[in-house]
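Peer 1:
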Amino acid sequence: MARMAWTPPGEESERGEAARAWYLRLASGEATNGEVAALRAWLASDPANEQAFSEARTVWKRTAELAPEIAIPAPIPLRRERARRWQVAGGFATAFGALALFLATPSLAWMTADRASPVGKTEAFTLPDGTQVMLDTDSAIDLAFSDNERRVELVQGQLWVAVAPDVRRPFVVEAGDATIRDIGTAFSVRRGGDGLLVDVDQGLVEIATAGNSTRLAASQRGRFSGGHVQRSIQPENDGAWRHGRLIFEGQRLDRVLKEVDRYQSGRIVLMGGELGSRRVTAILDLDHLDGGLDALATTGNLRITRLPWLTLVAAR
């Protein structure tokens, strides 16, 4: 019996998003021969990709009840009748709209949160107690202030806080199964598929989990996963997003694209697993990410193909 390789949760989530994006492109009825070939290569590169694509098709057939059966088409002749082209495009228009709406619609948690930031934007504001807050892209928080405590729940994404002193009311950030208690500090908390990250800029914080607690000092990072907190040194450039930049020094290309993907409404798909291990050094402006990716493609000998809701990155 074949043994299936374990896939990290974050990678599985990315695979599902890529599969939905591919399905959207086929549903548009405008996929080119090159795109179809790229999809076939992606499906053939890993059985899990084929499974994810199948699941995406099944989900949309059940939920939207608008998506027709979409098969991977054979190469399209260079010449075909204009009427046929419009017939195909029109036949898929409803499904394309439904899928695009899904990718563009914020999550329920985002829409019901007390404060939230949209994809690709950061939000800075001051809480009633004087605490300064900055939300990273696609982030959401709920607030619960009382006479005894100031509690912030990080629903999704990442926040940075510079806490206003108040000895009578401790400041607490709740994120999943962990509680981060301020001890006079500035720090950030990030929730993602690879666990929870806490970076301390100033002062001290205490991370409380089930039956355990860990203290972090300035310039330290705590990674919470599987009920345990691992300490390390905070990467120097991880807070660059607060200044409108993403800075990478010798990072793997797949990690770089994963981070950039958080700031875009569509999805970025890396074509060819071997490309992911390439090392990249770059400074990207959050307001001009497309230009930054183009420059990265030029220096890294990459080809970028932009489709509606999908960006493909491949070797030249």
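Its first residue numbered 988, the sequence shown is counted upward by one per residue in my numbering.
Cβ atoms here follow ideal geometry from the backbone N, Cα and C, with glycine treated the same way.
Fair warning: this is a prediction, and the values are worked out from it, not measured in the lab.
Taking 8 Å as the cut-off, does the region 1185-1194 touch the region 1216-1227 (at least 3 CB pairs, one atom from each stretch)?
Peer 2: Contact between the region 1216-1227 and the region 1185-1194 is present, because at least three Cβ pairs lie under 8 Å.
Peer 1: To which residues of the same chain is arginine 1177 closer than 6 Å at the C-beta, ignoring the five residues directly before and after it?
Peer 2: For arginine 1177, where only same-chain residues beyond five positions count, the Cβ hits under 6 Å are Gln1145 and Leu1184.
Peer 1: Does the distance from the C-beta atom of glutamine 1221 to that of threonine 1268 stay below 9 Å?
Peer 2: No.
Peer 1: Using the beta-carbon count (16 or more within 10 Å), is alanine 1162 buried or exposed?
Peer 2: So alanine 1162 counts as buried.
Peer 1: At 4 residues or longer, and completely inside the region 1092-1139: list those alpha helix (DSSP H) runs for me, N to C.
Peer 2: Counting whole runs of 4 or more residues, the region 1092-1139 contains the alpha helix (DSSP H) stretches 1095-1099.
Peer 1: Pull up the CB-CB distance for serine 1212 and valine 1106, whole angstroms please, since I reckon it's below 8 Å.
Peer 2: Not confirmed; about 25 Å, so no contact.
Peer 1: Which partner residues does glutamate 1331 have in the DSSP bridge list?
Peer 2: With the chain covering 988 to 1303 only, the question about residue 1331 has no answer from this structure.
Peer 1: Looking at valine 1150 and glycine 1171, is the spacing between their C-beta atoms short of 9 Å?
Peer 2: Going by C-beta atoms, glycine 1171 is nearer than 9 Å to valine 1150.
Peer 1: CA-CA distance, phenylalanine 1158 and threonine 1166?
Peer 2: Cα to Cα, the separation comes out at about 10 Å.
Peer 1: Identify the continuous beta strand (DSSP E) that holds alanine 1227 and give its terminal residues.
Peer 2: Looking at the DSSP string, alanine 1227 is not in any beta strand (DSSP E), and its letter there is neither H nor E.
Peer 1: How far does the beta strand (DSSP E) with arginine 1155 in it extend, from its first residue to its last?
Peer 2: Run containing arginine 1155: none; DSSP gives neither H nor E here.
Peer 1: What does glutamine 1238 pair with, by DSSP beta-bridge criteria?
Peer 2: Beta-bridge pairing links glutamine 1238 to Val1267.
Peer 1: Work out the CA separation of arginine 1254 and glutamate 1004 for me, nearest whole Å.
Peer 2: Their Cα atoms are separated by approximately 7 Å.
Peer 1: Confirm, please, whether the CB-CB distance from arginine 1027 to tryptophan 1296 is below 9 Å.
Peer 2: No, these two residues do not count as a Cβ contact at 9 Å.
Peer 1: For the alpha helix (DSSP H) holding leucine 1262, just list the boundary residues, first then last.
Peer 2: Run containing leucine 1262: none; DSSP gives neither H nor E here.
Peer 1: Mapping DSSP to helix, strand and coil, what is tryptophan 1147?
Peer 2: Tryptophan 1147 falls in the strand class under three-state DSSP.
Peer 1: Which residues does DSSP pair with leucine 1297 in a beta bridge?
Peer 2: DSSP, once it has assigned bridges, lists Arg1254 and Leu1294 as partnering leucine 1297.
Peer 1: Going by the beta-carbon positions, is the gap between glycine 1259 and alanine 1301 smaller than 9 Å?
Peer 2: For glycine 1259 and alanine 1301, yes; Cβs fall inside 9 Å.
Peer 1: On a CA-only basis, which of Asp1274, Lys1245 and Thr1286 is nearest lysine 1108? Give me that one, please.
Peer 2: Here the closest residue by C-alpha is Asp1274.
Peer 1: Roughly how many angstroms lie between the CA atoms of glycine 1179 and alanine 1024, to the nearest whole one?
Peer 2: Cα to Cα, the separation comes out at about 32 Å.
Peer 1: For isoleucine 1128, count the other beta carbons within 10 Å of its own beta carbon; 16 or more makes it buried, fewer makes it exposed. Which is it?
Peer 2: So isoleucine 1128 ends up on the buried side.
Peer 1: How about valine 1247 and glycine 1279: do their beta carbons lie closer than 9 Å?
Peer 2: Yes, the Cβ-Cβ distance between valine 1247 and glycine 1279 is below 9 Å.
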